[in-house]
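Just so we're aligned, residue 2 is where the sequence shown starts under my numbering, counting upward by one. The beta carbon of each residue, even a glycine, is placed where N, CA and C say it ideally should be. One structure is given below, encoded as structure tokens.
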Amino acid sequence: DTPLAHMYQHARWARFADGADEVHQMRIAQRTIAAWTDNGSTRSATGDLPI
Numbered sequence: 002d003t004p005l006a007h008m009y010q011h012a013r014w015a016r017f018a019d020g021a022d023e024v025h026q027m028r029i030a031q032r033t034i035a036a037w038t039d040n041g042s043t044r045s046a047t048g049d050l051p052i
């Protein structure tokens with residue numbers, strides 16, 4: 002699995018521990034958008050895996 006897939010899986014479990022899925026998914030989206038804004042690529046937000 003990719004790190005992004007792991008983050009989504011963890012977001013589902015984490016709602017029991019510390020909040021709703023929507024909050025975690027929003028943070029993942031913010032980090033992905035920030036990575037794109039910073040360097041024109043989402044690779045750093047998704048584990049820098051070669052595609």
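Inset, instruction - Apply the 10 Å Cβ neighbour rule to M27 and answer buried if 16 or more other Cβ atoms are within range, or exposed otherwise. - result: Mapped onto the sequence shown, residue 27 falls at position 26. Exposed, by the Cβ-count rule.
Legend entry - Nearest-angstrom beta carbon gap, A6 and H25 [assumed within contact, 8 Å]: By 1-based counting over the sequence shown, the position of residue 25 is 24. By 1-based counting over the sequence shown, the position of residue 6 is 5. Wrong, their Cβ atoms sit about 14 Å apart, outside the cutoff.
Legend entry - Short Cβ contact (8 Å threshold) for T33 with A46: Position 32 of the sequence shown, counted from the first residue, corresponds to residue 33. Position 45 of the sequence shown, counted from the first residue, corresponds to residue 46. Taking C-beta atoms as the reference points, T33 and A46 count as a pair closer than 8 Å.
Legend entry - Alpha-carbon spacing of R44 relative to P4, whole angstroms: Locating residue 44 in the sequence shown gives position 43, where the first residue counts as 1. Locating residue 4 in the sequence shown gives position 3, where the first residue counts as 1. Their backbone Cα atoms lie some 10 Å apart in a straight line.
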